[in-house]
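Our numbering applies: residue -10 is where the sequence shown begins, and numbers increase by one.
Every residue gets a Cβ at the ideal spot worked out from N, C-alpha and C, and that includes glycine.
Quick notes on the structure that follows.
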Amino acid sequence: MNGMTGTAVNAAGGEVPASEIEVEVRYKETDQMAVVHHSNYLVWFELARTHHCRVAGMAYRKIEDEGYWLMVTGVQLKYRGGARYGDRVRVVCWLDRLKSRAMSFGYRVEVDERVLVEGRTDHVWVDKASGNHCRMPEVVVPIFRSMEN
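What follows is the structure, encoded as structure tokens:
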């Protein structure tokens, strides 16, 4: 898949395309203990997720332009270590699970090949006009299916 930088193992144990972004930790992202505050990992997850969709061929804005939202319904983070000011962190993202009305993305945050955080975000499709949950729009099905293998 064009733009993907590697692979990851999804929730079903299969190997799927993964993308990555690099972020330099800014001083304002650290807390009094001199490590990245936990809330910043969610911001980085969003950056990685929108990048992943874009390199797969679906700019996130296009989803909204088609009349849909991909609403976050759950977040999980597992901390193994903390990033510090000046670190260059790599955030790896992949499609972890795909269903007709919902999906999950997986994430791994690394510094120098050392895994600091693993996480997942869960999402449901929402029709913007009605505000109701809906099936994945047909226009994006091929793109998200291509992220599965």
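Nearest candidate by alpha-carbon position, reference residue i, set the options
i      : options                        : result
SER8   : TRP83, GLU55, LEU59, LEU31     : TRP83
TYR49  : THR39, ILE10, ASP116, PHE94    : THR39
PRO126 : HIS27, ALA1, LYS51             : LYS51
GLU107 : ARG15, CYS123, VAL64           : VAL64
MET136 : PHE94, CYS123, LYS117          : PHE94
HIS27  : TRP58, LEU66, GLU11, GLY(-5)   : LEU66
ARG77  : LEU105, ILE132, VAL5           : LEU105
ASN121 : MET60, GLN21, MET47            : MET60
CYS123 : GLU102, ALA91, ILE132          : ALA91
TYR16  : GLU35, ASN29, ARG134, THR(-4)  : ASN29
ALA45  : GLU99, MET(-7), ASP101, VAL100 : MET(-7)
VAL32  : TRP58, MET22, GLU11, ARG103    : GLU11
Residues bridged to residue i [DSSP beta-bridge criterion]
i       : result
PHE94   : LEU84, THR110
ARG77   : GLU13
LYS117  : Answer is none; LYS117 lacks a bridge partner.
GLU99   : ARG79, VAL104
THR(-4) : PRO6
Status (buried if at least 16 other CB within 10 Å, exposed otherwise) for residue i
i       : result
ASN(-9) : Model confidence at ASN(-9) stands at a pLDDT of 45, short of 50, so the residue's coordinates are unreliable; what they give is reported in the following sentence. Exposed, because fewer than 16 other Cβ atoms sit within 10 Å of the Cβ of ASN(-9).
GLY3    : exposed
SER89   : exposed
ALA37   : buried
VAL130  : exposed
VAL80   : buried
TYR68   : exposed
Cutoff 7 Å; reference residue i; Cβ partners in own chain excluding five residues on either side
i     : result
THR62 : ASP111, HIS112, VAL113
VAL24 : GLY71, ALA72, ARG73
GLY56 : ASP116, LYS117, ALA118
Neighbourhood of residue i by C-beta distance below 6 Å, restricted to the same chain and skipping five residues each side
i     : result
CYS42 : TYR49
Own chain partners of residue i with C-beta closer than 8 Å, once the 5 adjacent residues on each side are dropped
i     : result
ALA1  : ARG86
GLY75 : GLU13, VAL14
Chain C within 8 Å of residue i, Cβ atoms only
i     : result
VAL14 : Chain labels in this structure do not include chain C; a single protein chain is all it has.
Checklist entry - Taking the runs of the alpha helix (DSSP H) that are 4 residues or longer, which of them lie wholly in the segment -2 to 65? => result Within the segment -2 to 65, the runs of alpha helix (DSSP H) at least 4 residues long that lie entirely inside it are, in chain order, 28 to 45, 49 to 54.
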